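Residue numbers (the numbering used here), protein chains in the order written: chain A, -1 to 89; chain B, 9 to 269.
Yeah, the Cβ is synthetic: ideal placement off N, Cα and C, and Gly gets one too.
Every value quoted in this text rests on a predicted model; they were computed, and no experiment measured them.
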Ligand SMILES: Nc1ncnc2c1ncn2[C@@H]1O[C@H](COP(=O)(O)OP(=O)(O)OP(=O)(O)O)[C@@H](O)[C@H]1O
Ligand SMILES: [Mg+2]
C-alpha cells in the first residue's frame, strides 16, 4: 500500500541515503588507492630488482597499475620475460 | 600541560568555525583556561562568532613578524574571562604564516592554557599545514552529505600520515531526512570513515541567530545544537556521554508543514 502510494507520487523505491553510501564506498576505494606517479615508479623499480634476480625481463614493456572492479582494488603487473637465468632453470 | 586540538574538515562551510567557537566557550564554562587561534588568514570569522570583532588590535601575523608577543595579540572575552582569542589578519593571505613559525607560537602558548583550539581554513594547502602542525590531535568536522564525507576521508588520510589522533563531529544532521532515508545516517558514516565520533550536531536555525548575536549556542538552554555541543565538550573532557536520539517531527507537525505553507 505505502509502496504503491510512493510510486504514484513519484518517489523512487531506492533510498537516496543508501545510494550515497554505496557511491561513497566506491569513490573512496579509488581516492584511497590513488597513489602518486612517483610512488608507482618506485614500486615498479623495486619489482624489477626482485624479479631480475631470477629472470631477465623487458623493462621497457613492463606495466604496473592499480585496477578497480566493483568492490576491490588490485595491483596488476605485466612483466614480459626475455629469458630465465641459467641457475634457476629446472633440470 | 595543555592539549592542542585542530578543528579541520577538507570541505569548506561544514561548521569548523562554529564548532571551534562552541567548544571554546563550552570548555571555558567548564572552568578551563582556553585559547582559540584563528588560522583562516584573509577570511577570519571566529572573532564574529564570539562577538569579539571590535576588540582586535594585533593579529597572529603581527606575532609571526615579531611586532608583538602573542600575549599582546590575545583578546580576552568579557563574559568568560578565561577564554582568549588569537585572531588572524583579514588583509594578509595564508602565506603570511609559515608552519614552523606557527609551531613555535603554539609551543610557547602551551604553558599558559589548558586547551588551545585551532580553527583551520578549508582546503589542503599551506593553511592546512600551518593549522595542523602544532596540534596533538584533530577534530574532523563533516556533514551528512556525499561530498563532505569524501573530503573528510581525504583529510583523515592526511592526518593519519602525520600520526595525529582523530575524532569526528558530524554537523547539520536533519533527523527527519535521516528517518525518511534521504540523508546519510551515522551508521553509514561510521562504516565509511571508521573514526571515533564525539559529536552529532543537528541542523538548527539558532546557530544562525547565535552568529548574528556573537553568542555561541553552547550556552543556549533551548537549542538542540547547543545541547549537542555541550555533550561534545563533555567528551573532550573525557566523560562518557551517550548520544541522545534526535526529535523528529510528529505526524501532525508534518501535516502542518505540508498544508501550512
Ligand atoms: N548546526 C548548524 N545548523 C545550522 N546552521 C549551521 C550549523 N552549523 C553551521 N551552520 C552554518 O553554516 C555556515 C558555515 O559554518 P562555519 O562558518 O562554521 O563553517 P566553516 O567550516 O568554518 O566554513 P569555512 O570553510 O568557510 O571556514 C554558517 O553560516 C553557519 O551559521
Ligand atoms: Mg571557518
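Neighbour flag for residue i against chain B, beta carbons, 9 Å
| i | result |
| --- | --- |
| residue 15/A | yes |
| residue 26/A | yes |
| residue 22/A | yes |
| residue 44/A | no |
| residue 35/A | no |
Neighbour flag for residue i against chain A, beta carbons, 9 Å
| i | result |
| --- | --- |
| residue 47/B | no |
| residue 269/B | Low local confidence applies: a pLDDT of 47 at residue 269/B is under 50, so the model's placement there is unreliable, and no value is given. |
| residue 231/B | no |
| residue 182/B | no |
| residue 189/B | yes |
| residue 239/B | no |
| residue 221/B | no |
| residue 157/B | yes |
| residue 235/B | no |
| residue 211/B | no |
| residue 161/B | yes |
| residue 11/B | no |
| residue 97/B | no |
| residue 154/B | yes |
| residue 165/B | yes |
| residue 196/B | yes |
| residue 186/B | yes |
| residue 199/B | yes |
For residue i, the first and last residue of its enclosing alpha helix (DSSP H)
| i | result |
| --- | --- |
| residue 32/B | 24 to 37 |
| residue 107/A | This structure cannot speak to residue 107/A, because chain A is shown only from -1 to 89. |
| residue 187/B | 183 to 188 |
| residue 56/B | 54 to 57 |
| residue 219/B | 213 to 221 |
| residue 25/A | 14 to 31 |
| residue 159/B | 154 to 169 |
| residue 241/B | 232 to 244 |
| residue 139/B | 134 to 140 |
Ligand 2 heavy atom lying under 8 Å from the CB of residue i
| i | result |
| --- | --- |
| residue 30/B | no |
| residue 54/B | yes |
| residue 89/B | no |
| residue 24/B | yes |
| residue 130/B | yes |
| residue 48/B | yes |
Neighbour list for residue i in chain D, Cβ cutoff strictly below 7 Å
| i | result |
| --- | --- |
| residue 192/B | Annotation note: the requested chain D is absent from the structure, which comprises protein chains A and B. |
Host beta strand (DSSP E) of residue i (start-end)
| i | result |
| --- | --- |
| residue 193/B | Residue 193/B -> no beta strand (DSSP E), and no H or E assigned at all. |
| residue 10/B | Per DSSP, residue 10/B belongs to no beta strand (DSSP E) and is neither H nor E. |
| residue 207/B | 205 to 210 |
| residue 79/A | 79 to 82 |
| residue 75/A | 70 to 76 |
| residue 46/B | 42 to 46 |
| residue 148/B | 145 to 150 |
| residue 54/A | 53 to 55 |
Residue i Cβ short of 8 Å to ligand 1 heavy atom set
| i | result |
| --- | --- |
| residue 1/B | In this structure chain B extends from 9 to 269, so residue 1/B is not present and cannot be described. |
| residue 140/B | no |
| residue 17/A | no |
| residue 126/B | no |
| residue 64/B | no |
| residue 56/A | no |
| residue 61/B | no |
| residue 216/B | yes |
| residue 219/B | yes |
| residue 5/B | Look at the range of chain B in this structure, 9 to 269, and you will see that residue 5/B is not part of it. |
| residue 210/B | yes |
| residue 21/B | yes |
Closer than 8 Å: residue i CB and nearest ligand 4 heavy atom
| i | result |
| --- | --- |
| residue 150/B | Because ligand 4 does not appear in the structure shown, any question about it cannot be addressed here, the ligands present being ligand 1 and ligand 2. |
- Task: Please go through the region 59 to 123 of chain B and give each complete alpha helix (DSSP H) segment of 4 or more residues, from N-terminal end onward.
- Result: Here the runs fully enclosed are 68 to 72, 78 to 81, 107 to 117.
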